[in-house]
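There are 2 protein chains.
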Amino acid sequence: MTDQTPDPVLAHALSRRSELLAALTALIACPSDGADPAQAPGMEGARRLVEARLTAMGFCALQRLEAGGQPAIYAERMDAPGRPTILVYAHYDVQPPEPLALWRSPPFEASVRDDRIHGRGASDDKGPMLIALEALAAFIAIDGALPINVKILIEGEEETGSPSMPGLLAAHRDLLDADAILSADGARWRPGLVSINTGSRGNGGFEIAVRTASKDLHSGRYGGVTRNALHVMADLIAGLHDADGRIAAPGFYDDVPDLTDAQIAELAAIPVDMDAHLAEIGAAPFGEAGHSTLARLWLRPTLDVNGMWGGYTGAGSKTVIACEAQAKMTMRLVPGQSPSHARACVLAHLRASLPEGATLDLLADRGWSGANAVPDDHPLLLAAEAAMHETTGQIPVRVRIGASIPLTELIETALGIDTVMFSYATSDEDYHAPNEFLRLSAIDEGLAGWVAVLRRIGAQDAAEYAPFRR
Amino acid sequence: MTDQTPDPVLAHALSRRSELLAALTALIACPSDGADPAQAPGMEGARRLVEARLTAMGFCALQRLEAGGQPAIYAERMDAPGRPTILVYAHYDVQPPEPLALWRSPPFEASVRDDRIHGRGASDDKGPMLIALEALAAFIAIDGALPINVKILIEGEEETGSPSMPGLLAAHRDLLDADAILSADGARWRPGLVSINTGSRGNGGFEIAVRTASKDLHSGRYGGVTRNALHVMADLIAGLHDADGRIAAPGFYDDVPDLTDAQIAELAAIPVDMDAHLAEIGAAPFGEAGHSTLARLWLRPTLDVNGMWGGYTGAGSKTVIACEAQAKMTMRLVPGQSPSHARACVLAHLRASLPEGATLDLLADRGWSGANAVPDDHPLLLAAEAAMHETTGQIPVRVRIGASIPLTELIETALGIDTVMFSYATSDEDYHAPNEFLRLSAIDEGLAGWVAVLRRIGAQDAAEYAPFRR
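Protein sequences appear in the order of chains A and B. Quick note on numbering: the first sequence equals residues 1 to 470 in the numbering used here. Quick note on numbering: the second sequence equals residues 1 to 470 in the numbering used here.
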């Protein structure tokens, strides 16, 4: 902190560290795996704990919002007229705990060891959620009010793809109206690196089948005289990229912006050795020629086959010429690209590459979500960066996520506002794997960060957000 | 028949048509599926029926030959000193009957309808075996002796790959010594076409795995920065053939003989429209440029991927970059090619094509068998052709089999003699599928053919075969 006077709100928050850990332990004990209908009591238990804490903090308008799926929890405190209104987002549901045999302590029983608290949801997102709530609670306890207007939205479908979120947002547009979203979900990129996420790639997937005959053929009776669907599929997949690793579908890059010199310099300055990171998992760097590894990961689109199969795949051998082959593909897209245009380009390219005697069918078309980027000068981004700088002494590195955050785009579409991620989880905390954990250090860092960012936003005027609302 | 005097042996054989059908019905009722241990009683039942018939016919030295698998039945009659000794081959085991639901009458209950006898094994090989045996029986009944020396070998492992046959042949080399083999197995190529098989392609298979990392990777966190094993495998498969459909592995064609003008003319004269046949099953003609469809099927080698898989192949989508992909491949080889050289060429080509950051492992190496061809002027081939010409009025078309007959090569290797196929099954009789049948017309045609070929061989001298024995 640049100011040497201790912040009384932060001091209060830090003094309640053990209460936060107790609350996190109780939340982890609720097996809120929304994918498993048998865990409905765990979902309800988690909701009740969150609701009880919001009530005790003096939040108003506490209610459950439902649109046919798991209820989300809403509450608000509109304490600061003229200051920005921020929707604080988190989720109370967790990933399934399987495979259970790989956990070193039971997934729904918090276990502190090696300065980490282990348990399903510790990092994603129960710990980061409680950090945000306890920072808010400290303002209320010490100042009697929040420095900004806060709406809370804690959903229960994040880990299952938020299926009812579009309906929920549409039905409660006025209630949820805010200047921006500050998310307690969305992990920090690397341990030891102060960073802030400013965007994510879009994605979408589809599945194709190639057919070359009405039935599988014996390779002795037909070998050499007709098409093999596996060869055709291999040719199609091999033709998806050119020799430089660029996606070969004409038109695919139409709306992909060239990297600016500033972006190239910004990426070059990021102190991360991706190639060493790849070497650790036995992988070699590879991708679109002419771009750095980070550029390829964050600012360039990709097209990957995620699964392919056809013919005889059992034990032993079978001399069959397969009549069908299938493949699942997904793309990662960058801001500017239309998912439907990108997909149309790939399909047209596949169809144009199809040899005589083969047909191609589109079997499924899934999960389209556009890319997302917070504007460089968005006031909430600036507030978050300033809070990080203040609490860590370091200027946060602006990073992106190669993956996709459908919720961000969903909210942007439904509410017309941007999301800034401000979670104190870290991406290495095994949050979709056994032995999920949260570093205990994240609690103090997070409380400091949240107190600081709430103060920074409290120093802003709501009007500063108007140009960024759509 | 060119000679208008009825052949008394044939007349006798034809008069016993209903006994032959009764014997076939009894044999079909023995479920001799050697792949299914539960059908051991069916295997034993079939052996006993065959042994009883051989005994009744007056065959000598009846015995079971075993080498750790299903016993083969052996018997002999050395009635004709100075005449050739022919080993007559057939098999008593059948394919599994599954899928049972598709049979219109029970697989192990003979059902005559539409001038066909239906049942598992009717065509492969119980019907053709009984035709051969009943022709032999007619000679014994009318003449009291066979016109040649006959050794009978009826195996029980043909449908399961004859695993103990190499050991059996080695252990009984002297007993099985003969001038050539006349096989009651190996179907006629096309209904309505008088043809004789003069060769088959070799084959062999192997399985490879490509790896690009130590674990599957998330396409958001790694998409664009490293190799995808599915792309690498697709590139490898796509690179197996050049744009002309030729196998691209250097050295693969080293020992493949060019087609002679005579061969090209012979193939062109065969009255079969393969392209129309392909169209019936929704397939288009395709293969090595510069060769006719029949040349590609019979006289040119092939390399086919029979199965490939990797990544996520379940329901829905998963944004995974696969770290591993696998493929099963088989080759069909022509006379002159060494299976091990051909395989080495393909593997070397695959390894040379492998990009940096990927590894290739050979997982399995299976079923190597060389190609086979009966010499053009082999006396048994000439006898068989003459018998066919005599009984049908047509000169048989010499055809080959695109598939592989490992037994032929096995016998050639073990006993140093050639095999001529003389089955009266036809290749469209669904013998590896539900509703297997044998045309009833095959019985009269087959009895006439076998009586004629035995007489033709009886007119030969054993010494004529000496130059062809190795």
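Quick reminder that beta carbons are idealized off the backbone N, C-alpha and C, glycines included.
### Query
Does S195(A) have its Cβ less than 9 angstroms from a Cβ in chain B?
Here residue 195(A) is taken as the residue at index 195 of the first sequence, counted from 1. Chain B, which has no Cβ nearer than 9 angstroms to the Cβ of S195(A), makes this no.
### Message
I'd like to know whether the C-beta atoms of I152(B) and Y92(B) end up nearer to each other than 9 angstroms.
### Response
As a working note, residue 152(B) is residue 152 in the second sequence. As a working note, residue 92(B) is residue 92 in the second sequence. Not closer than 9 angstroms, so no.
### Task
Could you say which of D114(B), E76(B), D115(B), M129(B) lies nearest to D174(B) if we only look at CA atoms?
For this step, residue 174(B) is matched to residue 174 along the second sequence. Residue E76(B) is the option with its Cα nearest to D174(B).
### Task
Using the Cα positions of Y431(B) and D125(B), report the straight-line distance between them to the nearest angstrom.
The sequence position of residue 431(B) within the second sequence is 431, counting from 1. The sequence position of residue 125(B) within the second sequence is 125, counting from 1. In a straight line, the C-alpha of Y431(B) is about 9 angstroms away from that of D125(B).
### Query
What is the residue span of the alpha helix (DSSP H) that F139(B) lies within?
Along the second sequence, one-based indexing puts residue 139(B) at 139. DSSP places F139(B) in the uninterrupted alpha helix (DSSP H) bounded by 127-143.
### Query
If you count every other CB in all the chains shown that lies within 10 Å of the CB of M1(B), and 16 or more means buried, which is it?
Looking up residue 1(B) in the second sequence gives position 1. Note that M1(B) scores a pLDDT of 44, beneath 50, so its modelled location is shaky and nothing firm can be said.
### Query
What is the DSSP secondary structure of V451(A), counted as helix, strand or coil?
In the first sequence, the residue the question calls residue 451(A) occupies position 451. Helix at V451(A).
### Message
Distance cutoff 9 angstroms, beta carbons only. Does V9(B) sit that close to anything in chain A?
### Response
Against the second sequence, residue 9(B) aligns to sequence position 9. Output row for V9(B): interface = no.
### Query
H118(A) lies in the beta strand (DSSP E); which residues open and close that run?
Within the first sequence, numbered from 1, the residue matching residue 118(A) stands at position 118. Judged by DSSP secondary structure, H118(A) falls within the beta strand (DSSP E) whose first and last residues are 116-118.
### Query
Would you say H218(A) faces chain B, with C-beta separation under 9 angstroms as the test?
What you label residue 218(A) is simply residue 218 of the first sequence in a count that begins at 1. Under the 9 angstroms criterion on CB atoms, H218(A) is classed as interfacial with respect to chain B.
### Task
Helix, strand or coil for C345(A), going by three-state DSSP, please let me know.
Numbered from its first residue, the first sequence carries residue 345(A) at position 345. In the three-state reduction of the DSSP assignment, C345(A) falls in the helix class, which pools H, G and I.
### Query
Hey, is W368(A)'s beta-carbon within less than 9 angstroms of any beta-carbon in chain B?
Counted from its first residue, the first sequence places residue 368(A) at position 368. So no, W368(A) is outside the interface.
### Among A72(B), G223(B), T5(B), L193(B), nearest to R471(A) - alpha-carbon criterion
Residue 471(A) lies beyond the residue range present for chain A, which begins at 1 and ends at 470; the question has no answer from this structure.
### Query
Rounded to whole angstroms, how far is the Cβ of H218(B) from the Cβ of V320(B), which I believe are closer than 8 angstroms?
The residue labelled residue 218(B) in the question sits at position 218 within the second sequence. The residue labelled residue 320(B) in the question sits at position 320 within the second sequence. Going by Cβ atoms, the distance from H218(B) to V320(B) rounds to 7 angstroms, so yes, they are a contact pair.
### Message
Please report the distance separating the alpha-carbon of R366(B) from that of A243(A).
### Response
For the purposes of this step, residue 366(B) is taken as the residue at position 366 of the second sequence. For the purposes of this step, residue 243(A) is taken as the residue at position 243 of the first sequence. The straight-line gap from Cα to Cα measures roughly 34 angstroms.
### Cα-Cα separation between T226(A) and F286(B), rounded to whole angstroms
Walking along the first sequence from the start, residue 226(A) turns up at place 226. Walking along the second sequence from the start, residue 286(B) turns up at place 286. Rounded to the nearest angstrom, the two C-alpha atoms are 4 angstroms apart.
### In chain order, each alpha helix (DSSP H) run of at least 4 residues that lies wholly inside the stretch 181-224 of chain B
Entirely contained in the stretch 181-224 of chain B, the alpha helix (DSSP H) runs reaching 4 residues are, in chain order, 219-222.
### Message
Short of 9 angstroms Cβ to Cβ, which residues in the stretch 304-326 of chain B face chain A?
### Response
Answer in chain order: D304, V305, N306, G307, M308, W309, G310, G311, Y312, T313, G314, G316, S317, K318, T319, V320, I321, A322, C323, A325, Q326.
### Message
Considering only their Cβ atoms, is the gap separating P434(B) from L100(B) smaller than 9 angstroms?
### Response
The residue you call residue 100(B) lines up with position 100 of the second sequence. The residue you call residue 434(B) lines up with position 434 of the second sequence. Closer than 9 angstroms, so yes.
#### Entry: Classification of L350(A) by the beta-carbon crowding that lies within 10 angstroms, buried from 16 upward
Along the first sequence, read from residue 1 onward, the residue named residue 350(A) stands at position 350. With 16 or more other Cβ atoms within 10 Å, it is buried.
### Query
Can you give the Cα-Cα distance for R16(B) and L10(B), rounded to whole angstroms?
Within the second sequence, numbered from 1, the residue matching residue 16(B) stands at position 16. Within the second sequence, numbered from 1, the residue matching residue 10(B) stands at position 10. Using only the alpha carbons, I get a separation of about 10 angstroms.
### Contact set for D275(B): own chain, Cβ-Cβ below 6 angstroms, skip 5 residues either direction
For the purposes of this step, residue 275(B) is taken as the residue at position 275 of the second sequence. Cβ neighbours of D275(B) beyond the five flanking positions: P285.
### Message
Would the stretch 355-362 of chain B count as touching the stretch 384-394 of chain B if we require 3 or more Cβ pairs under 8 angstroms?
### Response
Verdict: no, contact absent.
### Message
Helix, strand or coil for H91(B)? Go by DSSP, reduced to three states.
### Response
Taking the first residue of the second sequence as position 1, residue 91(B) is located at position 91. H91(B): strand per DSSP, three-state reduction.
### Message
If the criterion is Cβ atoms closer than 9 angstroms, does the pair W103(B) and P97(B) meet it?
### Response
In the second sequence, counting from the first residue as 1, residue 103(B) sits at position 103. In the second sequence, counting from the first residue as 1, residue 97(B) sits at position 97. Cβ distance < 9 angstroms, so W103(B) and P97(B) count as in contact.
### Task
Measure from the C-beta of M1(A) to each C-beta in chain B and report whether the shortest distance is under 9 angstroms.
Numbered from its first residue, the first sequence carries residue 1(A) at position 1. Low per-residue confidence applies at M1(A): pLDDT is 44, beneath 50, and the placement is therefore not dependable, though the value from the model is reported in the following sentence. Taking a beta-carbon distance threshold of 9 angstroms, M1(A) does not count as an interface residue toward chain B.
### Contact set between the stretch 341-367 of chain B and chain A, restricted to residues whose Cβ is under 7 angstroms from the partner
Cβ contacts with chain A: E356, G357, R366, G367.
### Cut-off 6 angstroms between Cβ atoms - residues of its own chain near V397(A), not counting five sequence neighbours on either side
Here residue 397(A) refers to the residue found at position 397 when the first sequence is read from its first residue. Contacts found: S195, I270.
### Message
Against chain B, does S472(A) count as a neighbour if the rule is that its beta carbon must be under 9 angstroms from one of theirs?
### Response
As displayed, chain A neither begins before 1 nor continues past 470, which places residue 472(A) out of reach and without an answer.
### Where the beta strand (DSSP E) containing E324(B) begins and where it ends
By 1-based counting over the second sequence, the position of residue 324(B) is 324. Counted as a single uninterrupted DSSP element, the beta strand (DSSP E) harbouring E324(B) occupies residues 324-333.
### Task
Give, in chain order, every residue of the stretch 276-304 of chain A whose Cβ lies closer than 7 angstroms to some Cβ of chain B.
Residues of the stretch 276-304 of chain A with a C-beta atom less than 7 angstroms from some C-beta of chain B are L278, I281, G282, A283, A284, P285, F286, G287, E288, T293, R296, L297, R300, T302, D304, listed in chain order.
### Message
Please list, in chain order, the residues of the stretch 213-238 of chain B that have any C-beta partner in chain A closer than 9 angstroms.
### Response
Of all residues in the stretch 213-238 of chain B, A213, S214, K215, L217, H218, S219, G220, R221, Y222, G223, G224, V225, T226, R227, N228, L230, H231, M233, A234, D235, L236, I237, A238 have a Cβ within less than 9 angstroms of some Cβ in chain A.
### Task
Could you name the residues of the stretch 397-411 of chain B whose beta carbon sits closer than 8 angstroms to any beta carbon of chain A, in the order they occur along the chain?
Answer in chain order: I401, G402, A403, S404.
### Query
Near L278(A), which residues of its chain fall below 7 angstroms by C-beta distance, leaving aside the five closest residues on each side in sequence?
Within the first sequence, numbered from 1, the residue matching residue 278(A) stands at position 278. The beta carbon of L278(A) sits closer than 7 angstroms to the beta carbons of A284, P285 from its chain, once the five residues preceding and following it are set aside; these are given in chain order.
### Query
Residues bridged to F437(B) by DSSP?
Numbered from its first residue, the second sequence carries residue 437(B) at position 437. Under the DSSP definition of a beta bridge, F437(B) partners with H118(B).
#### Entry: The beta strand (DSSP E) enclosing W309(B), as first and last residue numbers
Reading the second sequence from its first residue, position 309 is the one you call residue 309(B). First-last of the beta strand (DSSP E) with W309(B): 302-311.
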